[in-house]
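Structure record follows, encoded as structure tokens.
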Amino acid sequence: MRNSNTNNWRSTALIAGAILTAGVVTTTSTTDVHADNSQNNAQVSNDQVTYDQVRATADQQLAQLQSANDSKEAQQATANEQSNAADLAQTNAQIDQLKASHAALEQEQAGAIAQAQASTAASIEAQTSAANAEYQQQINTQQQNEATQRAANDQQYAQAVSQAAENQQAVADIDAQYQKALSDAANTQTSQAQAAANDYNSAVAKENDTYQGKLSAQQATNAENIKNAEASLASATANANKPYEVATTNDVAVTGRVAKPQTDVKVPAYVTKYGIHLEVRGYNGAIPVSDYTYPEFANTYYGEYPDSTVITNKAAESTPHDISEMPLNFQPGLLSYDAKNDHSEKVSADGLTADQVQVLRALALSWENGFRNNVFQNYREFYNVVNKNDGFVNVAPVDLVSTDFTDNIANQVVANRTKYNIDNNNHTVISSGMPAEATYTSVINDATKNLKKNLTSEFNGKSVYTDVNENLTTTQAGTPTLLNYAINLYNSMQGMYYGELVNPTHIGGHAVNLLCAGVRTVGIGFQKLTDEMTAKNESGVSDRKNPSYAVTFDHVGFNIDHDANLTKEIQNRNVWGTSTVDAQLNTIKTAQYHVNKVPGTKTVTPTATDVQKATASEQQKLADVKAQAQQSLDALASAHQSSLNKLAQQYKDAKAQVKANYDVAVTKAASVRDAKIANIKKAENVKLDAKINELVPSVDPQIKQLQDQHQAVIAHGDAVLAELKAENKAAYNKLAEQFNVQLAAIQRRENAKRANEVRLANNTVVLPSAVKVANDGNIDTVAFPTASNPLQAETTGRVQTVSAPSIVKTATQTPIAVAPVVTTVNHAAENTVKSNESSAPVVTQTTAVAATTNNGTQTSVASTADNKATKADNSEKSVVKAGTVAKKQTPAKKSESSQKVDQSSMSIVDLAATALLGTLGITYSSKKRHN
597 MRNSNTNNWR STALIAGAIL TAGVVTTTST TDVHADNSQN NAQVSNDQVT YDQVRATADQ
657 QLAQLQSAND SKEAQQATAN EQSNAADLAQ TNAQIDQLKA SHAALEQEQA GAIAQAQAST
717 AASIEAQTSA ANAEYQQQIN TQQQNEATQR AANDQQYAQA VSQAAENQQA VADIDAQYQK
777 ALSDAANTQT SQAQAAANDY NSAVAKENDT YQGKLSAQQA TNAENIKNAE ASLASATANA
837 NKPYEVATTN DVAVTGRVAK PQTDVKVPAY VTKYGIHLEV RGYNGAIPVS DYTYPEFANT
897 YYGEYPDSTV ITNKAAESTP HDISEMPLNF QPGLLSYDAK NDHSEKVSAD GLTADQVQVL
957 RALALSWENG FRNNVFQNYR EFYNVVNKND GFVNVAPVDL VSTDFTDNIA NQVVANRTKY
1017 NIDNNNHTVI SSGMPAEATY TSVINDATKN LKKNLTSEFN GKSVYTDVNE NLTTTQAGTP
1077 TLLNYAINLY NSMQGMYYGE LVNPTHIGGH AVNLLCAGVR TVGIGFQKLT DEMTAKNESG
1137 VSDRKNPSYA VTFDHVGFNI DHDANLTKEI QNRNVWGTST VDAQLNTIKT AQYHVNKVPG
1197 TKTVTPTATD VQKATASEQQ KLADVKAQAQ QSLDALASAH QSSLNKLAQQ YKDAKAQVKA
1257 NYDVAVTKAA SVRDAKIANI KKAENVKLDA KINELVPSVD PQIKQLQDQH QAVIAHGDAV
1317 LAELKAENKA AYNKLAEQFN VQLAAIQRRE NAKRANEVRL ANNTVVLPSA VKVANDGNID
1377 TVAFPTASNP LQAETTGRVQ TVSAPSIVKT ATQTPIAVAP VVTTVNHAAE NTVKSNESSA
1437 PVVTQTTAVA ATTNNGTQTS VASTADNKAT KADNSEKSVV KAGTVAKKQT PAKKSESSQK
1497 VDQSSMSIVD LAATALLGTL GITYSSKKRH N
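In our numbering, the protein residues as written are 597 to 1527.
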């Protein structure tokens, strides 16, 4: 069981080891991720009280003025609301009165309106009746004309009959002669017709005999052809219906077993009582589970105990049996280890082989990418907090890669750590006991110097930031197998990453380092720990019979001008080396899921569609034969039917034309009648509408006028309030400017008084005033809070410039001016760390600040926490991310010539002061303590 007061991975974490280098060097500050960091502001003189008193008076008076302004504006707004409401009520009352008057007028004129409507209806009815009468008269006239014509016809017929009767005899004689001629002609016609009929019948009979002979012969031929075609089709159909064998290849999906992380873990009471000890800013002791936004993250802390020994409810589905069953996506939750069901390869007493290290590198890379992607997809609030100043808010990160480039970095870091005997509780930094050229930042700078140079040249005019950081954890094994190491590394990383996501305002350094979207690569190193290292109480190693390893994660990347598109374009370039873990990851992925191709055969029974396709040619032949046989017979019937159809169509067309003419006439008459009636109604309705409008005028224009007047009242109130706000703002700004002038004068006076003072331990040395102190004379303007209410003005964090002391040299020396240290006053964040308190190993980080050299240029200086952080090379130009606070600065290294002192011209006191200053290194720093 792991030592209860240590955490094997929480030894140190590095954020501001991220040496952020820009093409145009500027100086800001950086954030320290360690929870136990504390800052000591630079000590100021007693005369500073005057400045503070004036500043307090300024805050109080400005707050009072702001309160008075808010009160006046609120009163004006209330007055506007009351005025608007009263005017709206009056306007609505007037509109209601207009509508009531209009309704009353309508009621009063109801009789006149009804009379007008009745008059209109009567007029329409009268005119419609007149039109109908006219139409009926036209019909009657037409019928009368037809009757008259029929009478005339009847009279003419009667006259003709009478005339015929009168001439009946003559007609009878002529008719007798006509009948005889007809009889003679009929006899002749009958004789000739009989002869012609005989000839016709004889010819028809002969033609019929000839036709019948040809028809019989053709029918026999057709029958034979159809018989043969049907036999061929039947044979083809029978063959097409026979089942047959075909070769096949079947896809068989194979899904391997993958362990599922367990989130609902149970632990003994003593473990729960000990609590969660993670290095998260704001917590010096145990972190309450109730502080976690997602309680399942809290349980990942128990992954620091090797082999999941403290989990009392181990789930079988969360226990891998081989490396191939390790999850790759890194969801929150822990894995359990069962030595009896461990089928992985053994690890020798000498430790992990190179191939086994690559397997663990592949898994760790997959887990880091899984964490970044899962947080972005499902816990976006944490990701956005980390990247809020980097241009990657709501922009998905690019996956990290592990390549030959990063393997070389990792291997060199491990070699340097081994050479200088750095244990698993310390980072690869100067404060751990190694020279600057051996630190991880130096190794990375050497590896990326050409790429950095090219990017700086390519993006001339833009800031090129270098994102570099290091995370550190430990892996061990009670059973010497690769699976045991992998499970312990997985659980340790769960706590190192998910465990530090307490809530969006409390995120641990390791999680911040990994969620930084600017990093693109990670070098994962495995340093074998010596017996001396593992014997330390703080090592966190519980089983020393098998080798244990310090695992380093050195992340590298560049951020181009905080522009996500430019940064991603660089990240996707082929400049990061060749992957060295693809083969290992593919082996695990294939074991977890792959598809096998299995050869075989199958019997195919033809479907109706298959038979149809196979016999299509024979079916077409049979159809063609039948069509040819019928074609000659169809030709005669077709011609006869064509004639009949032609006559029928002509008769049909004539009837249709008669019907069409009738329909046109009826439609036209109806249209004329309807048009006349419609015109009458339209004209009368227009007269009715005019009459009603004359009796009851519309009130809509008056309502519109009242509504416009109400809107004018509202606009006037808004203008008055806006003018009041502008006057209040001007008064506030004027008072703030007065205080700024007064505070600036006080600050210049204080700077002049302190120019010749040097702090030596607990004493103050006043140097000769004849020597001029380097001072740029620039005084920062105090930024007073512009709060919307007095409470906000009182609680807003105040930022001020504290001038560091200048070191005064003799006339033969060049004075060095130390850059101002910017500090943030935040009483709520003052936490005290007890050195004797039992807690897990802490996380170290490095912050980047800026110092001023003799020539006035600025270089990046890494502020180092005691034994737990990194100092960057002073020659490394850097731009530090905005929104953070500088904690420590170191003057640039002086040349040998500038360090020489003409001692002959100095007094004994001066010599003592000079020696003491040299002993102290002329530093002005803030100390921070780590547990």
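For each residue, glycine too, the CB sits at the ideal point set by N, CA and C. Note that the structure is a prediction, hence the values are computed from the model and not measured.
As assigned by DSSP and simplified to three states, the class of residue i
i: residue 930; result: strand
i: residue 944; result: strand
i: residue 1042; result: helix
i: residue 1117; result: strand
i: residue 1549; result: Outside the displayed span of the chain (597 to 1527) sits residue 1549, for which this structure offers no information.
i: residue 1356; result: strand
i: residue 1050; result: helix
i: residue 1102; result: strand
i: residue 765; result: helix
i: residue 1061; result: strand
i: residue 1123; result: strand
i: residue 1138; result: coil
For residue i, the first and last residue of its enclosing beta strand (DSSP E)
i: residue 1072; result: Run containing residue 1072: none; DSSP gives neither H nor E here.
i: residue 1097; result: 1097-1099
i: residue 1002; result: Per DSSP, residue 1002 belongs to no beta strand (DSSP E); it is in the alpha helix (DSSP H), 1000-1015.
i: residue 1145; result: 1145-1156
i: residue 1192; result: 1189-1200
Buried or exposed (CB count within 10 angstroms, at least 16 for buried), residue i
i: residue 1195; result: exposed
i: residue 746; result: exposed
i: residue 993; result: buried
i: residue 1005; result: buried
i: residue 1314; result: exposed
i: residue 932; result: buried
i: residue 718; result: exposed
i: residue 1120; result: buried
From the options, residue whose alpha carbon lies closest to that of residue i
i: residue 1150; options: 790, 1112 and 1251; result: 1112
i: residue 1167; options: 1048, 774 and 1024; result: 1048
i: residue 677; options: 1310, 1315 and 1338; result: 1310
i: residue 1328; options: 666, 650 and 1026; result: 666
i: residue 1030; options: 1288, 1212, 1015 and 1120; result: 1015
i: residue 1295; options: 912, 717 and 690; result: 690
i: residue 1098; options: 878, 1242 and 1010; result: 878
i: residue 1201; options: 842, 1086 and 770; result: 842
i: residue 1061; options: 681, 1035, 1162 and 766; result: 1162
i: residue 1071; options: 1125, 1341 and 1186; result: 1125
i: residue 1114; options: 1076, 1127 and 1164; result: 1164
i: residue 1141; options: 947, 1043, 1019 and 791; result: 947
i: residue 572; options: 837, 1090, 941 and 1273; result: This structure cannot speak to residue 572, because the chain is shown only from 597 to 1527.
i: residue 1148; options: 743, 1135, 1123 and 1137; result: 1123
Range covered by the alpha helix (DSSP H) that runs through residue i
i: residue 1217; result: 1212-1291
i: residue 1164; result: 1160-1167
i: residue 845; result: Not the alpha helix (DSSP H): residue 845 falls in the beta strand (DSSP E), residues 840-851.
i: residue 1019; result: No alpha helix (DSSP H) contains residue 1019, which DSSP labels as neither H nor E.
i: residue 1130; result: 1127-1130
i: residue 879; result: Premise fails: residue 879 is in no alpha helix (DSSP H) and is neither H nor E.
i: residue 891; result: 891-895
i: residue 958; result: 950-974
i: residue 1086; result: 1078-1093
i: residue 898; result: Counting along the chain, residue 898 falls outside any alpha helix (DSSP H), and DSSP gives it neither H nor E.
Residue i: CB within 8 Å of a non-hydrogen atom of the ligand SAM
i: residue 1224; result: With respect to the ligand SAM, the structure offers nothing, as it holds no ligand at all.
Cutoff 9 Å: residue i Cβ touching any chain D Cβ
i: residue 808; result: Absence of chain D from the displayed structure is noted, only one protein chain being present.
At a cut of 8 Å, does the stretch 1021-1041 reach the stretch 1077-1092 through at least three beta carbon pairs? Cβ pair count under 8 Å is below three, so no.
Check whether the stretch 1089-1105 and the stretch 958-974 are in contact - that is, three or more C-beta pairs closer than 8 Å. Three or more beta-carbon pairs separated by less than 8 Å link the stretch 1089-1105 to the stretch 958-974, which places the two stretches in contact.
Between the stretch 1104-1118 and the stretch 1063-1073, can you find at least three pairs of beta-carbon atoms closer than 8 Å? The stretch 1063-1073 is in contact with the stretch 1104-1118.
Between the stretch 892-903 and the stretch 916-924, do three or more beta carbon pairs fall short of 8 Å? Three or more beta-carbon pairs separated by less than 8 Å are not found between the stretch 892-903 and the stretch 916-924, which leaves the two stretches without contact.
Is there contact here, the stretch 814-823 with the stretch 884-893, by at least three beta-carbon pairs under 8 Å? As far as the Cβ criterion goes, the stretch 814-823 does not touch the stretch 884-893, which means the pair count is below three.
Stretch pair the stretch 1312-1329 + the stretch 658-665: three plus CB contacts closer than 8 Å: Touching, per the Cβ criterion.
Evaluate contact between the stretch 906-916 and the stretch 851-862, counting only Cβ atoms and requiring at least three cross-stretch pairs below 8 Å. The stretch 906-916 is in contact with the stretch 851-862.
Do three or more CB pairs link the stretch 945-961 to the stretch 979-993 at distances below 8 Å? Contact between the stretch 945-961 and the stretch 979-993 is absent, because fewer than three Cβ pairs lie under 8 Å.
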